[in-house]
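Structure first, commentary second.
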Amino acid sequence: MTISLPFTYIEQMRTLLGQDAERFLRSYDETRTQGLRINPLKTDFHSKLTAELCKMYELEPVPWCGTGFYYGEHHRPGKHPYHAAGLYYIQEPSAMSAVEMLDPQPGEVVLDLAAAPGGKSSHIAGKMQGQGLLVANEIHPARAKILAENIERMGVSNAIVTNATPDELAARFPSFFDRIMLDAPCSGEGMFRKDPDAISEWSEDHVVMCAARQWDILEQAVKMLKPGGTLAYSTCTFNRQENELMIERLLAAFPAFTLVGTERIWPHEHRGEGHFVAVLRAAAGDSLAREPQAAGDAHSAHGRRKAERAPRGKGQPAAPAAAGMAQFLAWAREELPGFAPGQGDALLFGEALYELPQAGGSSLSAAQLSGLRIPRAGLHLGTIRKNRVEPAHALALAVKPEWARLHYDYAPDAPEIAAYLRGETLPVPPDHKGWALVTVNGLPLGWGKASGGQLKNHYPKGLRLP
Ligand code: SAM
15 MTISLPFTYI EQMRTLLGQD AERFLRSYDE TRTQGLRINP LKTDFHSKLT
65 AELCKMYELE PVPWCGTGFY YGEHHRPGKH PYHAAGLYYI QEPSAMSAVE
115 MLDPQPGEVV LDLAAAPGGK SSHIAGKMQG QGLLVANEIH PARAKILAEN
165 IERMGVSNAI VTNATPDELA ARFPSFFDRI MLDAPCSGEG MFRKDPDAIS
215 EWSEDHVVMC AARQWDILEQ AVKMLKPGGT LAYSTCTFNR QENELMIERL
265 LAAFPAFTLV GTERIWPHEH RGEGHFVAVL RAAAGDSLAR EPQAAGDAHS
315 AHGRRKAERA PRGKGQPAAP AAAGMAQFLA WAREELPGFA PGQGDALLFG
365 EALYELPQAG GSSLSAAQLS GLRIPRAGLH LGTIRKNRVE PAHALALAVK
415 PEWARLHYDY APDAPEIAAY LRGETLPVPP DHKGWALVTV NGLPLGWGKA
465 SGGQLKNHYP KGLRLP
């Protein structure tokens with residue numbers, strides 16, 4: 015075996031897998047699997063673009079995900095302009111199983127509780143087709159920022175990104191979500207081929223710590239699920255403590271749940287690094303936003319929770335946000351005439367204007383979000399200054415080129431695309447003036463502003479290529 019594994023881990027896997035263990039251990043000698051998911055918000059399975067990608071990257075379908083594909087080791091899809099345009103998300107193939115099993119629907123209210131960098135959230139958003147509300151949450155601030163960037167890149171218009179602890183969210187959103195995805199932080203045994211650092215972090219104590227943390231997060235997830243709602247729990251680890259035993263404990267503590275199904279993806283049986291998913295459905299009727307039965311509670315490793323933080327302020331006054339929206343819509347009539355505002359409230363954070371997503375009777379209010387750290391409060395429309403509007407990068411990625419008064423389209427290998435992604439100006443006809451979308455084969459990449467024969471580059475500085 016080329017990878018050196020901890021002895022206790024090997025023993026654990028021998029106990030778990032019996033005679034299959036040697037085959038499992040030999041899978042460490044094989045190269046890891048790599049995959050991408052086509053973004054249905056940008057194209058569909060039968061499109062010319064999908065056919066082009068299949069050829070470019072020698073894609074082969076992932077059996078458990080209709081939008082998922084394997085690509086060969088030597089390809090680098092993360093470097094292509096189509097990646098910057100959000101045409102696909104690079105994701106380990108077995109991780110694609112979780113959202114397929116959660117099965118979110120357009121119009122629902124969905125939470126992804128441990129969401130960064132955004133693989134599952136972008137998968138959920140693709141299935142929701144811009145309808146309903148997705149709350150994508152990440153506890154670590156730096157990772158929440160990456161999550162927000164990925165949500166934007168994928169052109170998701172109906173998601174808010176929060177940077178909160180599970181407890182903070184549970185206090186705001188009791189019995190609120192139709193579906194919850196909990197892709198829990200875990201001991202990462204399925205990461206060993208991909209990330210050798212995961213091997214050095216592994217120990218039996220670490221597994222125990224992960225299981226205690228998973229239970230604490232699960233308890234909060236349960237409180238946020240509507241009666242009749244669906245919870246998917248997943249990990250990229252193999253041991254039973256973090257997987258089946260966690261689900262058994264949940265079923266014992268919350269008898270309102272029934273197990274819909276579980277799935278294990280094994281690297282010696284499937285083309286994937288490994289994943290565990292369990293889907294549970296809550297009974298219709300009683301709210302789950304209460305303490306679990308004593309058996310579950312007695313196991314809680316972290317004891318009593320800290321007091322909830324009081325909300326900061328009462329939310330933004332509506333008047334400036336409405337005025338900001340009016341100013342934005344006046345801009346859009348000129349520069350983005352195809353844009354139609356949704357039903358959600360406008361929100362102003364300083365000069366940044368957002369449109370909050372709405373979902374049936376469960377729209378979010380500014381007050382409900384007040385005091386939470388929110389890297390992205392829905393679709394970022396633009397910056398509203400005294401006499402001008404600057405459209406947001408997120409807006410460029412969420413609209414169609416034909417909505418814009420001006421757009422410039424180039425082939426992926428055109429020098430203009432490379433120049434644009436480096437932040438350079440582009441030549442445009444001298445009589446063109448105003449905001450324009452730059453697109454690659456019909457997919458928006460970002461904004462530019464035309465004047466005097468040049469397109470000033472508005473591709474965000476932090477995303478520019480060297
Ligand atoms: N779902 C993500 C995706 O598909 O891209 C991957 C999530 S990763 C397996 C687990 C996440 O849980 C990490 O981003 C980590 O920062 C977060 N996390 C760590 N400790 C946490 C806690 N106590 N509560 C909630 N999330 C936590």
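Going by the numbering used here, 460 is the number at position 446 of the sequence shown; the sequence numbering is gapless.
Heads up, the beta-carbon is just placed ideally off N, CA and C, and yes, glycines get one too.
- Taking Pro389 as the centre and dropping the five residues before and after it, the same chain places the C-beta of Ala158, Lys159, Ala162, Val175, Asn177 closer than 7 Å to its C-beta, in chain order.
- If you compare the alpha carbons of Trp280, Leu19, Gly385 with that of Leu183, the shortest gap goes to Gly385.
- Not one heavy atom of the ligand SAM lies closer than 7 Å to the C-beta of Asp445.
- In the structure shown, Ser111 falls within a helical segment according to DSSP collapsed to helix, strand and coil.
- Taking the CA atoms as reference points, Ile104 sits about 38 Å from Ala340.
- Counted as a single uninterrupted DSSP element, the stretch harbouring Gln372 is not any beta strand (DSSP E), since DSSP gives it neither H nor E.
- In the DSSP assignment, Asn164 falls within the unbroken alpha helix (DSSP H) covering 155-167.
- In this structure, Met260 is the residue among Glu215, Val291, Ala212, Met260 with its C-alpha nearest to the C-alpha of Ala226.
- The DSSP-derived three-state label of Trp417 is helix.
- Taking the Cβ of Asp211 as the reference point, every heavy atom of the ligand SAM lies at 7 Å or farther away.
- Beta-bridge analysis with DSSP links Pro118 to no other residue.
- The continuous stretches of beta strand (DSSP E) do not include Met260, which lies in the alpha helix (DSSP H) extending over residues 258-267.
- Looking at the backbone, the Cα of Arg40 and that of Ala98 are separated by about 37 Å.
- Remark: the C-beta of Gly132 is in contact range of the ligand SAM, defined as less than 7 Å to any heavy atom.
- Note that the C-beta distance between Arg37 and His284 is not below 8 Å.
- For Glu277, the uninterrupted beta strand (DSSP E) run begins and ends at 271-279, by DSSP.
- Annotation: the continuous alpha helix (DSSP H) that includes Thr64 extends over 62-71.
- Close CB contacts of Pro474 within its chain, under the 6 Å cut and outside five residues either way in sequence, are with His407 (chain order).
- Counting only runs of at least 3 residues, the region 386-464 fully encloses the following beta strand (DSSP E) elements, listed from N- to C-terminal order: 393-398, 403-405, 421-424, 448-454.
- Between the ligand SAM and the CB of His154, the shortest heavy atom gap is smaller than 7 Å.
- Under DSSP, Thr29 forms no beta bridge with any residue.
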